[in-house]
Amino acid sequence: MPELPEVETVMRGLQACLQGHVIRHAGVHRADLRWKLPRGLAARLTGARVTGFRRRGKYMLMRLDGGTSVLIHLGMSGRIVIGRANAETAPHEHMTLETDDGCRIAFIDPRRFGSIDLVPTEGEDSHKLLAGLGPEPLDRGFTGRLLADELAGRKTSIKAALSDQRVVAGLGNIYVCEALYRAAISPRRIARTVVGERAGRLVEEIKKTLQEAIAAGGSSLRDYVQPDGELGYFQHAWKVYDHAGEPCERCPGAPECRGIRRIVQGGRSTFYCPRMQR
DNA sequence: CTTTAAGCCTGCAGGC
DNA sequence: TGCCTGCAGGCTTAAA
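So that you can map any letter, position 247 of the first sequence is 261 in my numbering, and since no number is skipped, the others follow by simple counting.
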């Protein structure tokens, strides 16, 4: 559920309390996440100074002095909670860090779809999990033309294509649905037919949706909260996601508009307005 | 090459 | 109250 805006928010929270600080203690309490955590993770973290952060798609990279980066993915239910050093242990706390100034960072992930790995900072992007990722949607270089190139030859739906991290990195179910609604494109449209002005419009709406969501601290749904415990509030700005049966704001007074509909594509829920989205 | 399905995992909501 | 079932979905792997 953490998608690009949630990961960006979490990363900024980590940055605020970790950047420039030394990790005085690191504890790994459970190593069987999505994959087995790397041997020596706690040892590598203990005593290291955090020099910087970067996000790539839904992945966070925390750079340590000495040339190692920690690659973190929150999976479906991963959370970071920041507190003080004497805080109580919460359920599903798989890794904890304590800084030189008494900040305690807990990685919590009930479903354990998340992952943590170590990667040399030089060549971070060659890591197996990052190597195949598509362009960053908020980069200047992510244009309608580039997206249309990515979609060329794809016979699957635009919904499935945008959810594919090799096409564009960082979108998940919620933001794909919202961006397609804003761009008035049907999620059922064949991906390779999204070209020209339509692709340009879609890129514009993807960027705007993500930027607004980041500004709102992400969307809080079930597990997700910001590292300081605050709720994100972009879920109040959703126009279609989880709004099945409600009227479509874009079809005011149109009698043939039956409102927001939920369909299943590739086993996932899609929400859209069949009248307005083409 | 692209596309599809299964499996991983736990918490929660809804039905009875 | 409590049990059962289905759903949530990012990602990889294997198969078509």
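Glycine residues also receive a C-beta, built at the ideal position from the N, C-alpha and C atoms.
When the Cα atoms are used, T60 and V217 turn out to be separated by approximately 42 Å.
Residue environment for D139: exposed (fewer than 16 other C-beta atoms within 10 angstroms of its C-beta). Separation of G89 and P16 (C-alpha to C-alpha, rounded to the nearest whole angstrom) is 7 Å.
As the crow flies, the alpha-carbon of V278 is around 19 Å from that of Q179. In this structure, the beta-carbon distance from V208 to L165 falls below 8 Å. For R48, the closest of D123, R272, C271 by C-alpha to C-alpha distance is D123. The C-beta distance from L144 to R70 rounds to 6 Å, short enough to meet the 8 Å contact threshold. DSSP lists R282 as the bridge partner or partners of Q279. Its Cα nearest to that of R98, the residue T110 stands out among S91, F67, T110. DSSP places P19 within a helical segment (H, G or I) once states are collapsed to three. In the DSSP assignment, R168 is bridged to no other residue. For the pair S177 and R125, the CB atoms are not nearer than the 8 Å cut-off. In this chain, the alpha helix (DSSP H) harbouring L59 covers 55 to 59.
The beta carbon of C265 is closer than 6 Å to those of C271, R289, M290 in its chain, skipping five residues each way along the sequence. Around the beta carbon of K173, a 10 Å sphere encloses 16 or more other beta carbons of the protein chains shown; the residue is thus reported as buried. Between S171 and I220, the C-beta gap is not smaller than 8 Å, which leaves the two residues out of contact.
E102 and D115 have their C-alpha atoms some 18 Å from each other. Note on geometry: alpha-carbon atoms of T223 and V95 lie some 25 Å from one another. For L85, the enclosing beta strand (DSSP E) covers residues 82 to 87. For E218, the enclosing alpha helix (DSSP H) covers residues 210 to 229. For G41, the beta-bridge partners assigned by DSSP are T110.
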